[in-house]
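Q: One structure coming up, written as structure tokens, with questions to follow.
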Amino acid sequence: MNELPQQLVNGLLLGSMYGLVAIGYTMVYGIVQLINFAHGEIFMIGGFGALTVYLYVLPDGTTMWIALPLMLLGAVIAAIIVAVGAERFAYRPLRGAPRLAPLITAIGLSLALQQAVWAWYPGAKESINFPEIAGGPFEIGSVTIQTGDIFLLIVAPISMGILAYFVMKTRTGRGMQATAQDPDTAKLMGINTDRIIVVAFALGAVFAAVGAVAYGLKYGQVQFRMGFILGLKAFTAAVLGGIGNIYGAMIGGLVLGIAETMATAYIADVPGMSQLGGQSWANVWAFVLLILVLLFRPQGLMGERVADRA
Amino acid sequence: MRQRSLIAITAALAAGALTLTACGSRDENGGSDSGGGGTTVVIGVDAPLTGDLSALGLGIKNSADLATKQANKEKVVDGVTFKIESLDDQAQPSSGQQNATKLVADKDVLGAIGPLNSSVAESMQKVFDDAKLVQVSPANTGPTLTQGPDWQTGKKVRPYKSYFRTSTTDAVQGPYAAQYVFNEAKKKNVFVIDDKKTYGAGLAGTFTDEFKKLGGKIAGTEHIDPETKDFSAVATKVKNSGADVVYYGGEYPQAGPLSKQIKAAGAKIPLVGGDGIYSAEFIKLAGASSTGDLATSVGAPVEELPSAKEFVANYKAAGYKEAYEAYGGYSYDATWAVIQAVKKVVEDNNGELPDDARAKVTEAMQNVSFDGVTGKVSFDEFGDATNKQLTVYSVEGADWSPVKSGTYEG
Numbered sequence: 001m002n003e004l005p006q007q008l009v010n011g012l013l014l015g016s017m018y019g020l021v022a023i024g025y026t027m028v029y030g031i032v033q034l035i036n037f038a039h040g041e042i043f044m045i046g047g048f049g050a051l052t053v054y055l056y057v058l059p060d061g062t063t064m065w066i067a068l069p070l071m072l073l074g075a076v077i078a079a080i081i082v083a084v085g086a087e088r089f090a091y092r093p094l095r096g097a098p099r100l101a102p103l104i105t106a107i108g109l110s111l112a113l114q115q116a117v118w119a120w121y122p123g124a125k126e127s128i129n130f131p132e133i134a135g136g137p138f139e140i141g142s143v144t145i146q147t148g149d150i151f152l153l154i155v156a157p158i159s160m161g162i163l164a165y166f167v168m169k170t171r172t173g174r175g176m177q178a179t180a181q182d183p184d185t186a187k188l189m190g191i192n193t194d195r196i197i198v199v200a201f202a203l204g205a206v207f208a209a210v211g212a213v214a215y216g217l218k219y220g221q222v223q224f225r226m227g228f229i230l231g232l233k234a235f236t237a238a239v240l241g242g243i244g245n246i247y248g249a250m251i252g253g254l255v256l257g258i259a260e261t262m263a264t265a266y267i268a269d270v271p272g273m274s275q276l277g278g279q280s281w282a283n284v285w286a287f288v289l290l291i292l293v294l295l296f297r298p299q300g301l302m303g304e305r306v307a308d309r310a
Numbered sequence: 001m002r003q004r005s006l007i008a009i010t011a012a013l014a015a016g017a018l019t020l021t022a023c024g025s026r027d028e029n030g031g032s033d034s035g036g037g038g039t040t041v042v043i044g045v046d047a048p049l050t051g052d053l054s055a056l057g058l059g060i061k062n063s064a065d066l067a068t069k070q071a072n073k074e075k076v077v078d079g080v081t082f083k084i085e086s087l088d089d090q091a092q093p094s095s096g097q098q099n100a101t102k103l104v105a106d107k108d109v110l111g112a113i114g115p116l117n118s119s120v121a122e123s124m125q126k127v128f129d130d131a132k133l134v135q136v137s138p139a140n141t142g143p144t145l146t147q148g149p150d151w152q153t154g155k156k157v158r159p160y161k162s163y164f165r166t167s168t169t170d171a172v173q174g175p176y177a178a179q180y181v182f183n184e185a186k187k188k189n190v191f192v193i194d195d196k197k198t199y200g201a202g203l204a205g206t207f208t209d210e211f212k213k214l215g216g217k218i219a220g221t222e223h224i225d226p227e228t229k230d231f232s233a234v235a236t237k238v239k240n241s242g243a244d245v246v247y248y249g250g251e252y253p254q255a256g257p258l259s260k261q262i263k264a265a266g267a268k269i270p271l272v273g274g275d276g277i278y279s280a281e282f283i284k285l286a287g288a289s290s291t292g293d294l295a296t297s298v299g300a301p302v303e304e305l306p307s308a309k310e311f312v313a314n315y316k317a318a319g320y321k322e323a324y325e326a327y328g329g330y331s332y333d334a335t336w337a338v339i340q341a342v343k344k345v346v347e348d349n350n351g352e353l354p355d356d357a358r359a360k361v362t363e364a365m366q367n368v369s370f371d372g373v374t375g376k377v378s379f380d381e382f383g384d385a386t387n388k389q390l391t392v393y394s395v396e397g398a399d400w401s402p403v404k405s406g407t408y409e410g
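Taken in sequence, the protein lines are chains A and B. For the first sequence, UniProt numbering gives the first residue as 1, with consecutive numbering after it. For the second sequence, UniProt numbering gives the first residue as 1, with consecutive numbering after it.
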């Protein structure tokens, strides 16, 4: 049986999740040139926000059709509060400081958030089960799609579309583009750059929260460390696509996800490569791809198109 | 500007405080109350108390604690009070080694229980051996730990005289699982997956060898990355390989999602694993579709052993928050073995601890023999438990239920 279509779908799903998280990295970088390493934890907080709504706010046995939108809302609110709080209290005071200071702050914040959830969220010292959508898998030809994945398949493109519209057409979106191009001039033109930066952090948090709910539905669990590896992968995706470019983040995520899946599925079958195949080598191949891309296109796949980086 | 730096400092302090609090609670010890006067002997416990494997680790810690409390209550060794000092290794070899160093530095420590993971044990063995401090693991099953790297070719050499274990090894566990799967479950075509760690890869290796010897077919092999939760690509491979059973060498944090994703991909075949997946957490993570999955675990089921009734009752009475899990009985026995060794040393030295107590305890451990929770506890010339019982469990609804007990014979 030909497993290529199924593996492509697997890669697409994984890649969509990377892409959703990568947007937060790329937007913040585009505007304040900060690599927000705490973004993986914003993603994790989103997952716990959704879980909190399900476990502690909604009555037991609420159907997922009602619960899911509310959980999404909870995830978004939790992620935005933490992201905007981080911007206000951890990054803004360091805005004039050398680049290294906010970077180290971001790493510290990432550890602090992880440990805070570990220490204070009830039961978070182990994985916590995330509610799932009932209903069997769907078969389309030789491809099986899980119920939990449908959320990701629908939500990822829609939210990308909304983001593109927001950045290109709305007043705030154009303000973001202007701030990305030249913060000082943008300020002179009457744009409240402080507000724009907050909006960038908040938007990144929204996408991370959506990604976190998708993660919970897909894998059926959340844990305090879930943002660490995924955050690194998403950052890689952002660099692969061209950091600072929102389309690049999505494309980079998809390319990375598909590359990892393909490496898992096929490298071992290449004659002489059986030792270098399998999932434990998938990361190696993903990073080989990253290095190759950066060698030939240092600006990333899509490049950082300065005119519309935002 | 001044206000800015003030905020920066506050933020930094807040962040620091958060991390410190987390560290603080991590060092929390479950030390028992030291009653009476006399000498205090500390037994170190090293296990993953936080993180994915903490369910097993906390079971080990609590059971060791119970053993010391019991010994103090019964005054097993006159004039000696036992207490435990528990350290968290987070299943990381580097943390394990740090903990070993820490225990060695405390002169009251006369024995160490743990760790859970064979890979962690590898990093600790030498530290303990250099200090002649006896270590008894309730859970390590990697054969190299006691029989040296060339155990498979028959050149068995014991690397460290201070290392003992109450659990059996994968040299027995893997083949036992292979025999059960081939002969009794009647599955002839297996897909073997491991996590490339000392325990997982070793177990998968011994299983594969025996399965081939029996005439079974290997439909495919795969090594997963234990850091990820996305096994969809692997699950698709399993489905298309036509295998009728999956063997996984590794632990439940990955085995749970793996089992779930394999079944979701459309391959309705059981996943079989070793003692590393024998935990209630596995069923929680794998969900309802895990019914029929199998695990082998060391020893006979603790609940069914007459010798274990007292342990189970005492554990309940002590009111520990966490279950004793797969290694509770072994951990209790390991701790009891240390207590027995200390007793022997103290009795041989006119009721007092000698100056070279650590070396003496290590020596005495070799000849320790008593009827423990899990059966007769004693050690062979490699430091392995002489009790080589294994049990196959299968997932029935929300619980593991024992299917068959026995041992592997050649």
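Note that beta-carbon positions come from the ideal geometry of N, C-alpha and C, so glycine has one too.
Quick check: the Cα distance between N220 of chain B and V192 of chain B, rounded to an integer number of angstroms?
A: Start at 1 with the first residue of the second sequence, and residue 220 of chain B comes out as number 220. Start at 1 with the first residue of the second sequence, and residue 192 of chain B comes out as number 192. For the record, residue 220 of chain B in the displayed sequence is Gly; it is not Asn. G220 of chain B and V192 of chain B: Cα-Cα distance of roughly 6 Å.
Q: Is Q221 of chain A helix, strand or coil by DSSP?
A: To locate residue 221 of chain A, count along the first sequence from 1; it is residue 221. Of the three classes helix, strand and coil, the one that applies to Q221 of chain A here is strand, per DSSP.
Q: Buried or exposed, going by whether 16 or more other CB atoms sit within 10 Å of the CB of D52 of chain B?
A: The sequence position of residue 52 of chain B within the second sequence is 52, counting from 1. So D52 of chain B ends up on the buried side.
Q: Just the chain A side, please: which residues come within less than 7 Å of L285 of chain B by C-beta, in chain order?
A: The residue given as residue 285 of chain B occupies position 285 in the second sequence. Here the neighbours are S127 and Q221.
Q: What do you reckon, are the CB atoms on G200 of chain B and G276 of chain B nearer than 9 Å?
A: In the second sequence, the residue the question calls residue 200 of chain B occupies position 200. In the second sequence, the residue the question calls residue 276 of chain B occupies position 276. Yes. Within cutoff.
Q: List, in chain order, every chain A residue whose beta-carbon is nearer than 7 Å to that of E227 of chain B.
A: The residue you call residue 227 of chain B lines up with position 227 of the second sequence. Neighbours of E227 of chain B on chain A, chain order: I229.
Q: Please return the same chain residues whose Cβ sits closer than 6 Å to the Cβ of Y180 of chain B, not counting the five positions on each side in sequence.
A: Within the second sequence, numbered from 1, the residue matching residue 180 of chain B stands at position 180. Cβ within range, chain order: V392.
Q: At least one CB of chain A closer than 9 Å to the CB of T50 of chain B: is that the case?
A: By one-based count along the second sequence, residue 50 of chain B stands at place 50. Closer than 9 Å: yes.
Q: Quick check on Y165 of chain A: buried or exposed, where buried means 16 or more other Cβ atoms within 10 Å of its Cβ?
A: Here residue 165 of chain A corresponds to residue number 165 of the first sequence, with the count starting at 1. By the neighbour-count rule (16 or more Cβ atoms within 10 Å), Y165 of chain A is not buried but exposed.
Q: In the DSSP assignment, what residue or residues form a beta bridge with T144 of chain A?
A: Reading the first sequence from its first residue, position 144 is the one you call residue 144 of chain A. Per DSSP, A:E139.
Q: Let me check understanding here. Comparing Cα to Cα, which of B:T374, B:A334, B:I269 and B:G287 lies closest to K309 of chain B?
A: On the second sequence, position 309 is the one that residue 309 of chain B refers to. Closest by alpha carbon: B:T374.
Q: Using beta carbons (cut-off 9 Å, strictly below), is residue 342 of chain A in contact with chain B?
A: A query on residue 342 of chain A cannot be resolved here, the shown segment of chain A reaching from 1 to 310 and no further.
Q: Counting only C-beta atoms, is G278 of chain A closer than 9 Å to chain B at any point?
A: For the purposes of this step, residue 278 of chain A is identified with residue 278 of the first sequence, where counting begins at 1. Yes, its Cβ sits closer than 9 Å to a Cβ of chain B.
Q: Give me the Cα-Cα distance between T62 of chain A and M17 of chain A, rounded to the nearest whole angstrom.
A: Locating residue 62 of chain A in the first sequence gives position 62, where the first residue counts as 1. Locating residue 17 of chain A in the first sequence gives position 17, where the first residue counts as 1. Answer to the nearest angstrom: the Cα atoms are 26 Å apart.
Q: Using a Cβ-Cβ distance cut-off of 9 Å, determine whether N192 of chain A contacts chain B.
A: What you label residue 192 of chain A is simply residue 192 of the first sequence in a count that begins at 1. Not one chain B Cβ lies under 9 Å of N192 of chain A.
Q: Which of the three DSSP states, helix, strand or coil, is assigned to F370 of chain B?
A: Position 370 of the second sequence holds residue 370 of chain B. Of the three classes helix, strand and coil, the one that applies to F370 of chain B here is strand, per DSSP.
Q: Exposed or buried, F128 of chain B, counting other C-beta atoms within 10 Å across all chains shown (16 or more means buried)?
A: In the second sequence, counting from the first residue as 1, residue 128 of chain B sits at position 128. With 16 or more other Cβ atoms within 10 Å, it is buried.
Q: What's the call for Y252 of chain B, buried or exposed, on a 16-neighbour Cβ count within 10 Å?
A: Taking the second sequence and counting its residues from 1, one reaches residue 252 of chain B at position 252. Counting Cβ neighbours within 10 Å, Y252 of chain B comes out buried, since at least 16 surround it.
Q: Check the Cβ-Cβ distances between R309 of chain A and every residue of chain B, and say whether any is below 9 Å.
A: Counted from its first residue, the first sequence places residue 309 of chain A at position 309. Annotation note: pLDDT 45 at R309 of chain A (below 50); position unreliable, coordinate value reported separately. Taking Cβ atoms only, chain B never reaches closer than 9 Å to R309 of chain A, which makes this a no.
Q: By the criterion of Cβ-Cβ separation under 7 Å, what are the contact partners of T144 of chain A in chain B?
A: One-based indexing of the first sequence puts residue 144 of chain A at position 144. Correct list: A265 and G266.
Q: Would V234 of chain B count as contacting chain A if we go by Cβ distances under 9 Å?
A: Numbered from 1 along the second sequence, position 234 holds the residue referred to as residue 234 of chain B. With 9 Å as the cut-off, V234 of chain B counts as an interface residue toward chain A.
Q: With H, G and I counted as helix, E and B as strand and the rest as coil, what does DSSP make of P204 of chain A?
A: What you label residue 204 of chain A is simply residue 204 of the first sequence in a count that begins at 1. A quick correction: the sequence has Gly, not Pro, at residue 204 of chain A. Helix.
Q: Any idea if N349 of chain B is buried or exposed, counting beta-carbon neighbours within 10 angstroms, 16 or more meaning buried?
A: Counted from its first residue, the second sequence places residue 349 of chain B at position 349. Per the 10 Å Cβ criterion, exposed.
Q: Have a look at D184 of chain A and R174 of chain A and give me their C-alpha separation to the nearest angstrom.
A: Reading the first sequence from its first residue, position 184 is the one you call residue 184 of chain A. Reading the first sequence from its first residue, position 174 is the one you call residue 174 of chain A. Approximately 15 Å, taken between the alpha carbons.
Q: Does DSSP classify E310 of chain B as helix, strand or coil?
A: Translated into positions along the second sequence, residue 310 of chain B becomes position 310. Helix, per DSSP.
Q: Kindly list the residues whose CB is nearer than 7 Å to the CB of Y121 of chain A, restricted to its own chain and excluding five residues on each side of it in sequence; keep chain order.
A: Mapped onto the first sequence, residue 121 of chain A falls at position 121. Excluding positions up to five away in sequence, the list reads F48.
Q: For a quick check, are the C-beta atoms of L116 of chain B and Y320 of chain B less than 9 Å apart?
A: The residue labelled residue 116 of chain B in the question sits at position 116 within the second sequence. The residue labelled residue 320 of chain B in the question sits at position 320 within the second sequence. No, the Cβ-Cβ distance between L116 of chain B and Y320 of chain B is not below 9 Å.
Q: With respect to the alpha helix (DSSP H) encompassing P402 of chain B, which residues constitute its N-terminal and C-terminal limits?
A: Translated into the one-based positions of the second sequence, residue 402 of chain B becomes position 402. Premise fails: P402 of chain B lies in the beta strand (DSSP E), D399 to G406, not in any alpha helix (DSSP H).
Q: Check I251 of chain A in the structure and name its three-state DSSP category.
A: For the purposes of this step, residue 251 of chain A is taken as the residue at position 251 of the first sequence. Of the three classes helix, strand and coil, the one that applies to I251 of chain A here is helix, per DSSP.
Q: Against chain A, which members of the region 108-121 of chain B pass a CB distance test of less than 7 Å?
A: Listed in sequence order: no entries.
Q: Beta-carbon separation of E41 of chain A and G211 of chain A under 9 Å?
A: The sequence position of residue 41 of chain A within the first sequence is 41, counting from 1. The sequence position of residue 211 of chain A within the first sequence is 211, counting from 1. It is not a contact, given that the beta carbons lie outside the stated cut-off.
Q: For the candidate residues B:Y176, B:K126 and B:F379, whose alpha-carbon lies nearest to that of T407 of chain B?
A: To locate residue 407 of chain B, count along the second sequence from 1; it is residue 407. If we check each option's Cα against that of T407 of chain B, B:Y176 comes out closest.
Q: Does the Cβ-Cβ distance between residue 415 of chain B and V302 of chain B come in under 9 Å?
A: Lying before the first or after the last residue shown, residue 415 of chain B is absent from chain B, which here runs from 1 to 410.
Q: Is S280 of chain A buried or exposed, if buried means 16 or more other CB atoms sit within 10 Å of its CB?
A: Against the first sequence, residue 280 of chain A aligns to sequence position 280. Burial call: buried.
Q: Just curious, the alpha helix (DSSP H) that L390 of chain B is in, first and last residue?
A: Taking the first residue of the second sequence as position 1, residue 390 of chain B is located at position 390. Segment L390 to E396 is the beta strand (DSSP E) holding L390 of chain B; no alpha helix (DSSP H) there.
Q: For A204 of chain B, verify whether its CB is less than 8 Å away from any heavy atom of the ligand SAH.
A: No copy of the ligand SAH occurs in the structure displayed, which carries no ligand at all.
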